[in-house]
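Down below is the structure, laid out as structure tokens.
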Amino acid sequence: MPEMMLGNGIRYTEIHDPKFRSCLLNILFYVHRSQQTAPIHALLPDLLTASSAAFPSSASMTLALESLYAAEFCGKLSLCGDDAALDLTASWLNDDLALGGESVTDAMLSLVTGALLHPNAENGAFCDPEFRIAKQNLLDDIDCACNDKRIYTLRRAAALAYADEPAAIPPTGLRRDAENAAPEEAFRLWQEILRTSQIEIVCVLPQPKPQIAEKLRECFSAVPRTPETFCFHVPSPKKQRCAYQEELLPVGQTKLAVTYKYDSIPREVLLMLCGILGWNSDALLFTELREKYGLCYYCCLECSSGKQAITIDTGTNAANIGALRIGIDTQIEAIRNGRFSEKMMQKAILRYACRAAAASDSPYDLAAEEINRLQHEDPRSADELTAAMQAVTPAQIADAAKQLRLDSVFVLRAEREEAAFDAE
1 MPEMMLGNGI
11 RYTEIHDPKF
21 RSCLLNILFY
31 VHRSQQTAPI
41 HALLPDLLTA
51 SSAAFPSSAS
61 MTLALESLYA
71 AEFCGKLSLC
81 GDDAALDLTA
91 SWLNDDLALG
101 GESVTDAMLS
111 LVTGALLHPN
121 AENGAFCDPE
131 FRIAKQNLLD
141 DIDCACNDKR
151 IYTLRRAAAL
161 AYADEPAAIP
171 PTGLRRDAEN
181 AAPEEAFRLW
191 QEILRTSQIE
201 IVCVLPQPKP
211 QIAEKLRECF
221 SAVPRTPETF
231 CFHVPSPKKQ
241 RCAYQEELLP
251 VGQTKLAVTY
261 KYDSIPREVL
271 LMLCGILGWN
281 SDALLFTELR
291 EKYGLCYYCC
301 LECSSGKQAI
311 TIDTGTNAAN
321 IGALRIGIDT
331 QIEAIRNGRF
341 SEKMMQKAIL
351 RYACRAAAAS
361 DSPYDLAAEE
371 INRLQHEDPR
381 SADELTAAMQ
391 AVTPAQIADA
401 AKQLRLDSVF
411 VLRAEREEAA
421 FDAE
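As structure tokens, this is what we get:
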């Protein structure tokens, strides 16, 4: 797995697997989050991959990709604790399968680097209609996230748990800020990102292709870079008292999200704890709260290791909120007291091992697994981490559970359920 620096703050990792018939290039530009820049960060991946100076419309960009054996070039915004990443991915057919013997790799490298260094912009501003379309897509995404009440609940819970921290900012920013996004400001910010971001590049290939690293080195050498410092592990301070917030909306189902914070838990122990508590179908939260007592319709657990926080979100009804909160605390207390089986531990190990093994079946998943490892600054391979999980003892898991401290509770109450509950 060759790894090298292509420039100041530009790390390149190449993964080879001969079973693949396509190539994948994943480029991440890490950025610091703020309320003002969040909407532009969110629309830039869509904007940069839709057109460029060479292909100044989405139609011409699509035709160019189709001519390269239906190659793909897409982007999204990924969150990394307090920071975010403009996550751009290109995928194309390996050269030895091209009918005319042409180099699809060289053509894709030219297309991608052209989109990065020479975007569809004039006079210091991104061009319409592509900017207008990307902005409207962003506004639609914000509205959809608001209408999806589980996403809405999780974002409100994050705002409560991480108050006054960048992690509290919604991934897409606020609608009022998105409405004010201007093409001039977006272009200025993109030029700043090229200069100041840490750039992570992961390439998954059937066999080595030295021209990729050289082309990228040449591309970024044209940019005077002074990269900023990024840290993906910024623990969220624990509150002195549990924060509690409720909202009443005309929705059909009440939502509950509780966040616990901890001091420091080794990665392998944290994976075991989360697997036993809520990541598996026979985990305690699912089997006890949903299956045994019927307190919720669903129960999910998310872990933000960079913020040292665990969030549990559920869909329930108004009458069960109190019992559900007690039930969650009861399951955590059970782990603290060692009341979990060897079978649960093995299921947690098997879950991670299966997911890690499945990642090797896809270039996309293989790149994502490598990026996740780099962000955790964990040099261990998936097999080594699985072995570390197998060495975790019940006492270590119990001690980790003892660190969990209730930090915040957010409740989205359904008006119709409240009315029915009050009528009783």
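First residue of the sequence shown: 1, per the working numbering; consecutive thereafter. We put the CB at the ideal spot given by N, CA and C, even for glycine.
Residue interval of the beta strand (DSSP E) (run including residue i)
i, result
"Gln-245", "243 to 249"
"Val-202", "199 to 205"
"Ser-22", "22 to 32"
"Lys-261", "254 to 261"
"Asp-87", "83 to 93"
"Asp-7", "Note that residue 7 is Gly in the sequence shown here, rather than Asp. Its beta strand (DSSP E) spans residues 3 to 7."
Alpha-carbon to alpha-carbon, residue j and residue i
i, j, result
"Ala-334", "Phe-340", "7 angstroms"
"Ile-10", "Arg-33", "20 angstroms"
"Leu-117", "Cys-219", "8 angstroms"
"Phe-73", "Ser-91", "7 angstroms"
"Cys-296", "Ala-414", "14 angstroms"
"Thr-172", "Asp-282", "34 angstroms"
"Gln-36", "Thr-287", "43 angstroms"
"Arg-351", "Asn-280", "8 angstroms"
"Pro-224", "Leu-6", "13 angstroms"
"Ser-305", "His-233", "7 angstroms"
"Glu-370", "Leu-86", "17 angstroms"
"Leu-189", "Ser-221", "19 angstroms"
"Pro-250", "Arg-156", "16 angstroms"
"Asn-372", "Asn-320", "37 angstroms"
"Ala-38", "Ala-395", "42 angstroms"
"Phe-421", "Ala-159", "For Phe-421, the predicted structure reports a pLDDT of 48, less than 50, and the residue's modelled location is therefore unreliable. A value from the coordinates is still provided. Taking the straight line joining both Cα atoms gives about 28 angstroms."
"Ala-309", "Leu-24", "32 angstroms"
"Ala-181", "Asp-128", "13 angstroms"
"Glu-102", "Asn-26", "22 angstroms"
"Val-104", "Asn-94", "7 angstroms"
"Ala-71", "Leu-65", "5 angstroms"
"Ser-197", "Gly-114", "18 angstroms"
"Leu-374", "Ala-54", "33 angstroms"
Nonlocal neighbours in the same chain, by C-beta distance under 6 angstroms from residue i, ignoring five residues either side
i, result
"Arg-336", "Ala-398, Ala-401 and Lys-402"
"Tyr-244", "Val-409"
"Ala-186", "Ile-40 and Phe-126"
"Phe-20", "Pro-206 and Pro-363"
"Ala-388", "Glu-268"
"Thr-174", "For the record, residue 174 in the displayed sequence is Leu; it is not Thr. Hits under 6 angstroms: none found."
"Pro-183", "Ala-125, Phe-126 and Phe-131"
"Ala-423", "Note that Ala-423 scores 45 on pLDDT, short of 50, meaning its location in the model is unreliable; the coordinates nonetheless yield the value given after this. The answer is none, since no qualifying residue turns up."
Selection from the options that minimises the alpha carbon distance to residue i
i, options, result
"Lys-76", "Tyr-298, Thr-89, Gln-245 and Ala-64", "Thr-89"
"Glu-268", "Thr-37, Lys-209, Leu-284 and Leu-385", "Leu-385"
"Ile-312", "Glu-66, Asn-147, Pro-18 and Ala-161", "Ala-161"
"Val-204", "Leu-374, Val-411, Leu-366 and Ala-145", "Leu-366"
"His-16", "Ala-356, Tyr-293 and Ser-360", "Ser-360"
"Ser-78", "Pro-45, Asp-143 and Cys-354", "Pro-45"
"Asp-82", "Met-272, Glu-165 and Gln-346", "Glu-165"
"Asn-147", "Glu-14, Leu-24, Gln-253 and Ala-318", "Gln-253"
"Ala-163", "Leu-412, Tyr-69 and Lys-239", "Lys-239"
"Glu-291", "Gln-308, Met-108 and Leu-324", "Leu-324"
"Val-112", "Ala-167, Thr-330, Phe-29 and Ser-52", "Ser-52"
"Glu-246", "Tyr-152, Val-31, His-376 and Phe-230", "Tyr-152"
"Gln-354", "Ala-167, Asp-263 and Gly-275", "Note on identity: in this sequence residue 354 is Cys, with Gln being the wrong assignment. Residue Gly-275 is the option with its Cα nearest to Cys-354."
Residue i beta carbon near the ligand SAM (any heavy atom closer than 7 angstroms)
i, result
"Leu-44", "Ligands displayed in this structure: none; no statement on the ligand SAM is therefore possible."
Range covered by the alpha helix (DSSP H) that runs through residue i
i, result
"Ile-40", "38 to 50"
"Lys-76", "Run containing Lys-76: none in the alpha helix (DSSP H); it sits in the beta strand (DSSP E), 72 to 80."
"Ile-312", "Premise fails: Ile-312 lies in the beta strand (DSSP E), 309 to 316, not in any alpha helix (DSSP H)."
"Glu-268", "267 to 274"
"Thr-113", "104 to 117"
"Ala-64", "58 to 67"
"Ala-358", "342 to 359"
"Thr-153", "149 to 161"
"Ile-397", "394 to 403"
"Ile-386", "Reading off the sequence, residue 386 comes out as Thr, not Ile. Where Thr-386 is concerned, the enclosing alpha helix (DSSP H) stretches over 382 to 390."
"Thr-196", "183 to 196"
Spatial neighbours of residue i in its chain, beta-carbon cut-off 8 angstroms, leaving aside the 5 residues before and after
i, result
"Glu-179", "Leu-139"
"Gly-278", "Leu-284, Leu-285, Phe-286, Cys-299, Cys-300, Leu-301 and Ile-312"
"Leu-154", "Ala-257, Glu-302, Thr-311 and Asp-313"
Residues near residue i by beta carbon distance below 7 angstroms, same chain, minus five either side
i, result
"Arg-217", "Leu-6 and Gly-7"
"Ala-134", "Leu-43, Asp-46, Leu-47 and Ala-50"
"Leu-406", "Cys-242, Val-258 and Tyr-260"
"Val-392", "Glu-268, Val-269 and Met-272"
"Tyr-293", "Gly-327"
"Leu-97", "Arg-21"
Notebook entry, point to check: With contact counted as at least three CB pairs below 8 angstroms, one residue from each stretch, are the stretch 303 to 319 and the stretch 254 to 264 in contact?
Noted result: The stretch 303 to 319, when compared against the stretch 254 to 264, does touch it at the 8 angstroms Cβ threshold.
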